[in-house]
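Participant:
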Amino acid sequence: MTFAKLAQLAGINLRRDGKGAFFSAFGVAIGIGALVFFVALGSGIGTLLREKVFPSDARAIEVVPPRLTLSALGGGKLDEAALARIAALPGVDRVFRKMELRVPAMGGPAPGLVQTFRVPQHIWLAIIAVGVEPEYLGSDVARGVAFADPPEGKPIPALAARRLLELYNRSFARSQGLTAIGEPLLMTAAGAELLQVHLGRSMRGLTSYQEKLVGLSFAGLSDQAPLHGVLIPLETARRINREYGLDADSYSALAVIAKSPGAVPALVQQIRAMGFGIDESERSLSQNVGMAVALTTGAMALLSALICLLAGVNIAHSLSASVRARARELALLRAVGATRFDVAALVLAEASVIGLIGGATGACGARLLGLGLDAAARQWLPEFPFKPETFFSYSPLLLAFATALGLLAAILGALAPALSASRADPARALAG
Amino acid sequence: MIHARGLHKSYPDGDGQPQRVLAGADLDVAEGELVAVVGPSGCGKSTLLNLLGGLDVEYQGEIEVGGKKLRGLSDCELSLFRNRTVGFVFQSFNLLAPLTALQNVMLPSYFGSHGGEGGPQLEQRARAALARVGLEAKSGRRPAELSGGERQRVAIARALFGQPRLILCDEPTGNLDEKTGAEIIDFFVKLVREEKLTMVVVTHEERVSRAAAKVLRLKEGQLVAEGSRA
């Protein structure tokens, strides 16, 4: 029997029992729809966590000195020699240096900021700065800004955390009645001096360090920047540390970029074996939250898969009843030349149509539901940090996979009835 | 056309004991012959027909139809045999309710290649078969819109669609009134005389027996000749 004729016969049978076919397809649609919805939701939330809330490179490892240093014995110092040893490890792509500004610093708004934006003059913040190499920041440095140690008297370029802007816009600015600032608008301020920093001053007041006033200019936003501090050029941090007689040779951290995410666990093990620590605070928080989302999504997806299974059982039940009711008719097909395979194929084709229609309807329904919920969230949900444009991640692959799963559930459900129909004795069925 | 030797067939009865319906039955039907098989209800007439048509493969003995031995044929070969060599006509018509008369007649074309004929040629052939039974004008009607006699004629057209050499009829007039039944029998006689078709008709109606060239009675599992008008 050709595919066209098979489809024609299956179509005729399904149209005849339209109600039964509709309910069978509806069951598949509910299961597949729920599956697509929860997987897309989990994937969307996961993406939000990975890319916005806890942005991190899956290949990145933050190497820090061990908590208990054995520097007296010559171990645990993150210097050039340690960097060279780590860089030589198999699986390492690149290593970036990080050096904290080791002198205390307090900053307040620059005069220009006070005059132009009427920012209160007497705001003081503790400045935590980490020196990094420009290559570490990629394209985060604003256009036209040189991320390098500035000449004497010129402000130090600094990058803030991109998440800080999100927190300011969605939470702080709203509660304080301030205007939200978009990233493109903020970039127009690149190069301008925003803060004046008193090096050597701490929150406790006077220190033994000699105070020095330097400017801090806005150089861009970066996901690499800590929420509580800024990134400045490595050479600037090194120079200031040296000027204050502090350690300017060892690094506070090394950002190791593995060649692939798969190489990370082995590298972590080797680096730990070398006596260094791994800063996993951000990564483990991200992983824990991600794991919670994955587990919830998994549970919901499992529930949805169970619905699909039930839909398959329902198809098995209804097709079994249909095959029994049509025993004489199927026997007639055998009498006019249908093989056992043709009869089984006919039952499977009917199930396939049910599964395909149910699967596609469920997948499209879940997509529409997601669009509707996103629109409702934009309309009704209050602004909050990291509020996404969409909570869902529907990939064409997911929709195609879900439709195929609907088809598979229906075919699996139809296997037993198809086998039973093909094995039926046509002579007995025709005898009634 | 048909040579059957030593046919044995039994079914389990209500107690699970084998009940023999054919006990070494022999049958010879020549090409272009109309043979009536008579006997009381439940004696095994329909079983014999199912064996000859390759619908029932659980039996002992040998059956040869049109020079082809049925024993040992695969499911595909038997299906092709039913599609090309044999046409079935049943007492209860067995038409598919959702299909029109034309679609019912074309049903065998869904299976097998039919010499590479395309849709239009097959439809033309089905219309010709309907025309032979006088129902060309009702080709678009569904079984529910046809009378009993018309339904049986559609079933006959379906049996003729594949241009078979053998027609097997199981109580073809059993559900028809006397006048319509007589018309059907006349049509069978005409088919045999004019087109040299071979026909085996299972019946317990006298008028069919009267029209047949050979009448065989199935008695205690054996076929016994009653008379011949050939």
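So the sequence lines, in the order shown, correspond to chains A and B.
As numbered in the numbering used here, residues 117 to 548 make up the first sequence, in order.
As numbered in the numbering used here, residues 988 to 1217 make up the second sequence, in order.
Every residue gets a Cβ at the ideal spot worked out from N, C-alpha and C, and that includes glycine.
(1) Please state whether the Cβ-Cβ distance between Ala551(A) and Lys214(A) is less than 8 Å.
(2) Can you give me the C-alpha to C-alpha distance between Gln1078(B) and Ala432(A), rounded to a whole angstrom?
(3) Considering only residues of the region 293–380 of chain A, which uninterrupted beta strand (DSSP E) runs meet the minimum length of 3 residues and lie entirely inside it, listed in chain order?
(4) Report the CB separation of Ala1146(B) from Ile1050(B) in whole angstroms; it is logged as a contact under 8 Å.
(5) I need the DSSP call for Val409(A), collapsed to helix, strand or coil.
(6) Is DSSP giving Gly1161(B) helix, strand or coil here?
(7) Once the 5 residues before and after Gly190(A) are set aside, which same chain residues still bring their CB inside 7 Å of it?
(8) Could you give the first and the last residue of the continuous beta strand (DSSP E) run that contains Val179(A)?
(9) Among Pro999(B), Gly993(B), Asp1015(B), Leu1065(B), whose alpha-carbon lies nearest the alpha-carbon of Phe457(A)?
(10) Between Pro236(A), Thr304(A), Ala221(A), which has its C-alpha nearest Pro227(A)'s C-alpha?
(11) Mapping the DSSP letters down to three states, classify Val211(A) as helix, strand or coil.
(12) Can you give me the Cβ contacts of Val1092(B) inside the same chain, cut-off strictly under 7 Å, excluding the 5 residues immediately before and after it?
(13) Is it buried or exposed, Ser324(A), if we count other Cβ atoms within 10 angstroms and call 16 or more buried?
(14) Measuring straight from C-alpha to C-alpha, what distance separates Gln386(A) and Ala534(A)?
(15) Residues of the region 1053–1070 of chain B with a CB closer than 8 Å to any CB of chain A: list them in chain order, please.
(16) Under 7 Å, CB to CB, which of the residues in the region 1095–1117 of chain B have a partner in chain A?
(17) Looking at chain B, is there any beta carbon in it that lies within less than 8 Å of the beta carbon of Lys135(A)?
(18) 8 Å is my cut-off, CB to CB: does Glu466(A) come that close to chain B?
(19) Among Ile244(A), Leu311(A), Leu484(A), which residue has its Cα nearest to the Cα of Met319(A)?
(20) Quick one: does the C-beta of Leu157(A) sit closer than 7 Å to a heavy atom of the ligand COA?
(21) Once you ignore the five residues that flank Val429(A) on each side, which residues in its own chain have a CB closer than 8 Å to its CB?
(22) Reducing DSSP to helix, strand and coil, say where Ile532(A) ends up.
(23) Quick one: does Met117(A) have its CB under 8 Å from some CB of chain B?
(24) If you drop the 5 nearest sequence neighbours on each side, which residues of the same chain put their C-beta closer than 6 Å to that of Phe212(A)?
(25) Would you say Gly127(A) faces chain B, with C-beta separation under 8 Å as the test?
(26) Taking only beta-carbon positions, decide if Ala454(A) is within less than 8 Å of chain B.
(27) Under 8 Å by Cβ, that's how I've got Asp133(A) and Ser438(A) pegged, so tell me the actual separation to the nearest angstrom.
(28) Measure from the alpha carbon of Met1186(B) to the alpha carbon of each residue in Gly1003(B), Lys1055(B), Ala1200(B), Gln1209(B), then state which is nearest.
(29) Kindly provide the ranges of any alpha helix (DSSP H) runs that are 4 or more residues long and lie completely inside the region 429–506 of chain A, ordered along the chain.
(30) May I have the straight-line CA-CA distance separating Ser538(A) from Leu513(A), to the nearest angstrom?
(31) List, in chain order, every chain A residue whose beta-carbon is nearer than 7 Å to that of Asp1043(B).
(32) Using a Cβ-Cβ cut-off of 8 Å, state whether Gly1001(B) counts as contacting chain A.
(33) Between which two residues does the beta strand (DSSP E) holding Glu1051(B) run?
(34) At a CB-CB cut-off below 7 Å, which residues of chain A make contact with Pro1130(B)?
(35) Can you tell which of Leu1067(B), Gln1006(B), Arg1197(B), Asp1013(B) has the C-alpha that lies nearest to the C-alpha of Leu942(B)?
Facilitator: Once the coordinates are examined:
(1) One cannot answer for residue 551(A) here, as it falls past the ends of chain A, which runs 117 to 548.
(2) Against the second sequence, residue 1078(B) aligns to sequence position 91. Against the first sequence, residue 432(A) aligns to sequence position 316. Gln1078(B) and Ala432(A): Cα-Cα distance of roughly 32 Å.
(3) 309–315, 328–338, 346–349, 369–374
(4) Translated into positions along the second sequence, residue 1146(B) becomes position 159. Translated into positions along the second sequence, residue 1050(B) becomes position 63. Not really, about 19 Å apart at Cβ, beyond 8 Å.
(5) Position 293 of the first sequence, counted from the start, is the residue given in the question as residue 409(A). Note: Val409(A) maps to helix in three-state DSSP.
(6) On the second sequence, residue 1161(B) is found 174 positions in, with the first residue counted as 1. Gly1161(B) falls in the coil class under three-state DSSP.
(7) Along the first sequence, one-based indexing puts residue 190(A) at 74. The predicted model places Gly190(A) with a pLDDT of 48, which falls under 50 and marks its position as unreliable; any figure quoted below should be read in that light. Correct list: empty, nothing qualifies.
(8) Position 63 of the first sequence, counting from 1, holds the residue named residue 179(A). 176–180 is the span of the beta strand (DSSP E), which, as asked, contains Val179(A).
(9) Within the first sequence, numbered from 1, the residue matching residue 457(A) stands at position 341. Residue Leu1065(B) is the option with its Cα nearest to Phe457(A).
(10) Indexing the first sequence from 1 puts residue 227(A) at position 111. Among Pro236(A), Thr304(A), Ala221(A), the Cα nearest to that of Pro227(A) belongs to Pro236(A).
(11) The residue labelled residue 211(A) in the question sits at position 95 within the first sequence. If DSSP states are grouped into helix, strand and coil, Val211(A) belongs with the strands.
(12) To locate residue 1092(B), count along the second sequence from 1; it is residue 105. Correct list, in chain order: Ala1113, Ala1116, Leu1117, Val1141, Ala1144, Arg1145, Phe1148.
(13) Residue 324(A) sits at position 208 when you count from the first residue of the first sequence. Classification of Ser324(A): exposed, given that the 10 Å Cβ count is below 16.
(14) Numbered from 1 along the first sequence, position 270 holds the residue referred to as residue 386(A). Numbered from 1 along the first sequence, position 418 holds the residue referred to as residue 534(A). The straight-line gap from Cα to Cα measures roughly 57 Å.
(15) Of all residues in the region 1053–1070 of chain B, Asp1062, Cys1063, Ser1066, Leu1067, Arg1069, Asn1070 have a Cβ within less than 8 Å of some Cβ in chain A.
(16) Pro1095, Tyr1097, Phe1098, Gly1099
(17) Against the first sequence, residue 135(A) aligns to sequence position 19. False, the Cβ-Cβ gap to chain B never drops below 8 Å.
(18) In the first sequence, counting from the first residue as 1, residue 466(A) sits at position 350. No, no contact with chain B.
(19) For the purposes of this step, residue 319(A) is taken as residue 203 along the first sequence, with counting starting at 1. Measuring from the Cα of Met319(A), the nearest candidate turns out to be Ile244(A).
(20) Ligands are entirely absent from the displayed structure, and the ligand COA is therefore not among its contents.
(21) If you number the first sequence from 1, residue 429(A) lands on position 313. Answer for Val429(A): Gly529, listed in chain order.
(22) Counting from 1 along the first sequence, the entry for residue 532(A) is found at position 416. Before going on, a small fix: residue 532(A) reads as Ala here, not Ile. DSSP places Ala532(A) in helix when its eight states are reduced to three.
(23) Indexing the first sequence from 1 puts residue 117(A) at position 1. For Met117(A), the answer is yes, since a Cβ of chain B falls inside 8 Å of its Cβ.
(24) Indexing the first sequence from 1 puts residue 212(A) at position 96. Glu249, Tyr252, Ala371.
(25) Here residue 127(A) refers to the residue found at position 11 of the first sequence. It does not; no Cβ of chain B falls within 8 Å.
(26) Position 338 of the first sequence, counted from the start, is the residue given in the question as residue 454(A). It does; some Cβ of chain B falls within 8 Å.
(27) Taking the first residue of the first sequence as 1, we reach residue 133(A) at position 17. Taking the first residue of the first sequence as 1, we reach residue 438(A) at position 322. Confirmed, about 6 Å.
(28) Translated into the one-based positions of the second sequence, residue 1186(B) becomes position 199. Among Gly1003(B), Lys1055(B), Ala1200(B), Gln1209(B), the Cα nearest to that of Met1186(B) belongs to Ala1200(B).
(29) 443–451, 456–496
(30) On the first sequence, residue 538(A) is found 422 positions in, with the first residue counted as 1. On the first sequence, residue 513(A) is found 397 positions in, with the first residue counted as 1. Cα to Cα, the separation comes out at about 35 Å.
(31) For the purposes of this step, residue 1043(B) is identified with residue 56 of the second sequence, where counting begins at 1. Within 7 Å Cβ-Cβ: Ala543.
(32) Against the second sequence, residue 1001(B) aligns to sequence position 14. It does not: the Cβ of Gly1001(B) has no partner Cβ on chain A nearer than 8 Å.
(33) Along the second sequence, one-based indexing puts residue 1051(B) at 64. 1047–1052 is the extent of the beta strand (DSSP E) around Glu1051(B).
(34) For the purposes of this step, residue 1130(B) is taken as the residue at position 143 of the second sequence. Neighbours of Pro1130(B) on chain A: none; closest Cβ ~12 Å, over 7 Å.
(35) Residue 942(B) is absent from the model: chain B starts at 988 and stops at 1217.
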